[in-house]
Amino acid sequence: MIIFAFASLFPALLLVLACVFGGVLPLASVFSITVLVFILDRITSAEPIEVTNDNGHSLSLLIGVAHFVVLATCVWGIAQAGYLSTLDKVLIFIGAGLWFGQVSNSNAHELIHRSSRGPRRLGIAIYCSLLFGHHASAHPKVHHVHAATDRDPNSARSG
């Protein structure tokens, strides 16, 4: 679980630091979510991780809160940080896109399935901030109801 938490949160930390300090950190943030996470995937066991309700839920909430910190910092860094070069901003944009697509999107999916209102709303807020808010209702109300039928737009068609 620690490696999973590290692989999820370390790139987020580097993205925030890249926006604040620049230097080699924009490149390090992209490296962390591509090469480092790839290496961690290869060296860790394929055994299922024992996720308890406490540690998995807490990590999911932490990633959810981190999403908004990373989003605000990256928008500010790309738009306003005059000390960042164009290359720095491009690298931050790439790193943020990868992190939002690989970590935040997946985490939002987990959160919208929670029975508690707070975590579910956090997942909805994450999806909305990614301009994918419709998925928060379409997924449970269309896909889950019509999975593997012609009425589900997410299920593969026969043939």
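In my numbering, the protein residues as written are 29 to 187.
All residues carry an ideal CB built from backbone N, CA and C; glycine is no exception.
#1: Relative to the alpha-carbon of I140, which residue among A153, S157, V97 and H174 has its alpha-carbon at the smallest distance?
#2: Tell me whether S157 sits in a helix, a strand or coil according to DSSP, three-state version.
#3: Please report the distance separating the alpha-carbon of A107 from that of L99.
#4: On a Cα-Cα basis, can you pick out the residue from S60, F32, H162 and R149 that is closest to L45?
#5: Note down, in chain order, each residue of its chain lying with its Cβ closer than 6 angstroms to the Cβ of H163, except the 5 sequence neighbours on either side.
#6: I'd like the list of long-range same chain contacts for W104, defined as Cβ closer than 7 angstroms, with 5 residues on each side in sequence excluded.
#7: Is it buried or exposed, V131, if we count other Cβ atoms within 10 angstroms and call 16 or more buried?
Let me lay it out:
#1: Position 112 of the sequence shown, counting from 1, holds the residue named residue 140. The shortest C-alpha separation from I140 is found at A153.
#2: Along the sequence shown, one-based indexing puts residue 157 at 129. It is helical.
#3: Sequence index remark: in the sequence shown, residue 107 carries index 79 (1-based). Sequence index remark: in the sequence shown, residue 99 carries index 71 (1-based). Near 12 angstroms, if we compare the C-alpha coordinates of L99 and A107.
#4: Locating residue 45 in the sequence shown gives position 17, where the first residue counts as 1. The residue among S60, F32, H162 and R149 with its C-alpha nearest the C-alpha of L45 is S60.
#5: Locating residue 163 in the sequence shown gives position 135, counting from the first residue. Y155.
#6: Walking along the sequence shown from the start, residue 104 turns up at place 76. The beta carbon of W104 is closer than 7 angstroms to those of C47 in its chain, skipping five residues each way along the sequence.
#7: Position 103 of the sequence shown, counted from the first residue, corresponds to residue 131. That one is buried.
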